[in-house]
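Protein chains in written order, with my numbering: chain A, 21 to 187; chain B, 21 to 187. Just so you know, even glycine gets a beta-carbon here, dropped at the ideal spot from N, CA and C. First up is the structure itself, then whatever we jot down about it.
2 protein chains.
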Amino acid sequence: MFFTTKAEYGVRLLIEVGRQGNDQPVSLKAIADAENLPLAYLERIVALLKRAGLVQSTRGAHGGYVLARKPEDIHMDEVVLALEGSLAPMECFVDDRADDGSGRVLCSHHDDSGRGCATKLLWTRVQVGVTQTLAQTSLAELIDFQTRQLPRVGERPAPVQRTPTHA
Amino acid sequence: MFFTTKAEYGVRLLIEVGRQGNDQPVSLKAIADAENLPLAYLERIVALLKRAGLVQSTRGAHGGYVLARKPEDIHMDEVVLALEGSLAPMECFVDDRADDGSGRVLCSHHDDSGRGCATKLLWTRVQVGVTQTLAQTSLAELIDFQTRQLPRVGERPAPVQRTPTHA
DNA sequence: CGCTATCCCGACCTCGCTGGTAGGATTACC
DNA sequence: GGTAATCCTACCAGCGAGGTCGGGATAGCG
C-alpha cells in the first residue's frame with residue numbers, strides 16, 4: 021500500500037473539476053455526490069490541492085473550485101506530492117533540496133556514515149521510478165480516459181514488460 | 021512512505037547473509053549486532069523470507085541462514101513482495117492471478133462497474149513501474165554496492181533523468 | 001547427558017496515523 | 001437576510017506498524 025485515500029480521492033476530485041471546464045466552479049457537494057465520497061473529508065483534501073496551487077476557489081453561494089492550470093499542465097507527481105506530503109519510499113528518506121537545490125536524497129539512518137546502507141541504492145531507484153511514472157501522466161489524460169468510457173477493454177492493464185509510454 | 025521497515029530490515033538481512041557466502045550459515049544474532057537491529061523482530065522478518073523460499077535455515081548451535089539461491093538470481097520484486105505481502109499502490113487494488121493466470125488487476129471500488137475509475141489507470145502504471153524497478157535490481161548488485169565501499173561519493177544518488185539501467 | 005546456541009512460534013503491547021466527524025465561522029449570490 | 005458554499009479547528013475510533021516476551025524444539029559439543 022503506497023498511497024492513502026487522500027491520493028485516491030484527491031485525484032478523483034481533480035478529474036471531476038477538470039471535466040467541467042473552467043467556465044463555472046464545481047462545488048464539493050457535487051463531487052461528493054458524484055463520487056460517493058464524504059464531503060467533510062473532501063474539504064480537507066481539497067485544502068491540500070489549493071495550498072499547492074492546483075485549484076482555485078470561489079466562496080459563497082454558487083462557489084466552488086476550478087483548476088488553476090490547464091489539465092495538460094497538471095502532472096501527477098505534483099498532485100500526489102501535494103496530497104501525500106512526500107514521495108519517499110522509506111521512512112529514512114528525507115528529500116532535501118533546500119540546501120543546494122541539487123535534489124540529493126539523504127538516508128537518515130543511524131550509522132550511515134560508517135557503512136553507507138546499500139538499501140539506499142534500492143529505494144532511490146524506486147523513488148525515481150515512481151516519480152517518473154507519475155510525472156508522465158497528466159490530468160488531461162485521466163480525464164480523457166474517464167470520458168471515452170472504454171466499455172470493457174480497460175479491464176486488462178498494460179503488460180508488465182512495457183514501461184507505460186507517456187501521456 | 022511506500023514500504024515499512026520489514027522491507028528495509030529484510031533486504032539488509034539478505035545482504036548480510038549473502039556477503040557471507042554459502043559455506044556456513046549466518047545467525048540472526050550476528051546480523052542483529054552488525055546492523056544494530058532488534059533480534060526478536062528479525063526473527064519474524066526472516067520467517068517471511070524463508071516462507072517465500074529465499075533463505076534456508078539450519079537449527080541448533082552454530083545454525084543460521086543461507087541464501088536458497090545465488091544472489092544474482094534473487095531479485096528485489098520477489099523480496100519486497102515476500103516482505104510486504106503486496107505491491108499494490110492503493111487499498112482498492114487486488115492482485116488476482118489465481119483465476120486465469122493472466123495477471124489482471126482489479127479495482128474493488130464500489131461503483132466500478134458504472135464508471136470505471138480513471139485512477140485505476142494511474143495506479144496500474146505506478147504498480148508496473150515499481151515492480152519493474154525492483155525486478156531490475158538483484159541482490160548481487162546490492163551486495164556489490166555495499167562491499168566496494170565508495171568512501172564518500174555515495175552521497176549523491178543517480179540523477180533523476182536516468183532510469184536505473186538493469187542489474 | 002546436559003548445556004548452550006540457535007531457530008521457531010504465538011501472544012501481547014504501545015503508539016501514531018488514517019479516515020472520518022462535529023461544529024462552527026466566513027463569504028457571497030439572490 | 002437567507003442560503004449555499006468555502007474555510008478552519010478540534011475531536012475521535014480503529015488499525016497496523018514496530019517491537020517485546022516467553023517459551024518451545026533442535027542440534028552441536030564437552
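> Per DSSP, B/His95 forms a beta bridge with which residues?
Replying inline: Taking the second sequence and counting its residues from 1, one reaches residue 95 of chain B at position 75. B/His95 is bridged by DSSP to B/Ser158.
>> Does the CB of B/Leu154 have a neighbour CB from chain A at under 8 Å?
In response: Numbered from its first residue, the second sequence carries residue 154 of chain B at position 134. Answer yes: the Cβ-Cβ gap between B/Leu154 and chain A drops below 8 Å somewhere.
> Under three-state DSSP, which class holds A/Leu59?
Replying inline: By one-based count along the first sequence, residue 59 of chain A stands at place 39. In the structure shown, A/Leu59 sits in a helix (DSSP, three-state: H, G or I).
> Three or more C-beta pairs closer than 8 Å, one from the stretch 34-41 of chain B and one from the stretch 154-171 of chain B: is that the case here?
Replying inline: Judged by pairs of C-beta atoms under 8 Å, the stretch 34-41 of chain B touches the stretch 154-171 of chain B, as three or more such pairs exist.
> Quick one, which residues of the stretch 83-114 of chain B are near chain A if we go by CB-CB under 8 Å, in chain order?
Replying inline: Shown in chain order are the members of the stretch 83-114 of chain B whose Cβ falls below 8 Å from a Cβ of chain A: Met96, Ser106, Ala108, Pro109, Met110, Glu111, Cys112.
> Is B/Leu141 close to chain A, meaning its C-beta is less than 8 Å from at least one C-beta of that chain?
Replying inline: Taking the first residue of the second sequence as position 1, residue 141 of chain B is located at position 121. So yes, B/Leu141 belongs to the interface.
> Ordered along the chain, which non-local residues of its own chain (more than five positions away) have a Cβ less than 7 Å from that of A/Arg89?
Replying inline: Within the first sequence, the letter at position 69 stands for residue 89 of chain A. Hits under 7 Å: none found.
> When you compare only the Cα positions, how much space is there between A/Gly105 and B/Val100?
Replying inline: Walking along the first sequence from the start, residue 105 of chain A turns up at place 85. Walking along the second sequence from the start, residue 100 of chain B turns up at place 80. Straight-line spacing of the CA atoms in A/Gly105 and B/Val100 works out to 23 Å.
>> For chain A, check one thing: does any of its Cβ atoms lie closer than 8 Å to the Cβ of B/Arg32?
In response: Counting from one through the second sequence, the residue named residue 32 of chain B turns up at place 12. Using a Cβ-Cβ cut-off of 8 Å, B/Arg32 counts as an interface residue toward chain A, since at least one Cβ of chain A sits closer than that to its own.
> Do we get a CB-CB distance below 8 Å when we pair A/Ile35 with the residues of chain B?
Replying inline: One-based indexing of the first sequence puts residue 35 of chain A at position 15. It does: the Cβ of A/Ile35 has a partner Cβ on chain B nearer than 8 Å.
> Just by C-beta distance, which residues in the stretch 57-74 of chain A are closer than 7 Å to chain B?
Replying inline: Here the close residues number zero.
>> Is it buried or exposed, A/Gly134, if we count other Cβ atoms within 10 angstroms and call 16 or more buried?
In response: Residue 134 of chain A sits at position 114 when you count from the first residue of the first sequence. Any reading at A/Gly134 needs caution, since the residue's pLDDT is 42, under 50, leaving its predicted position unreliable; the model's value is listed next. Around the C-beta of A/Gly134, fewer than 16 other C-beta atoms lie within 10 Å, and the residue is accordingly described as exposed.
>> Using the three-state DSSP reduction, which class does B/Gln76 fall into: helix, strand or coil?
In response: Counting from 1 along the second sequence, the entry for residue 76 of chain B is found at position 56. Secondary structure at B/Gln76: strand, using DSSP grouped into helix, strand and coil.
> Distance, Cα to Cα, A/Arg79 vs A/Thr24?
Replying inline: Indexing the first sequence from 1 puts residue 79 of chain A at position 59. Indexing the first sequence from 1 puts residue 24 of chain A at position 4. Spanning the two alpha carbons is a distance of roughly 28 Å.
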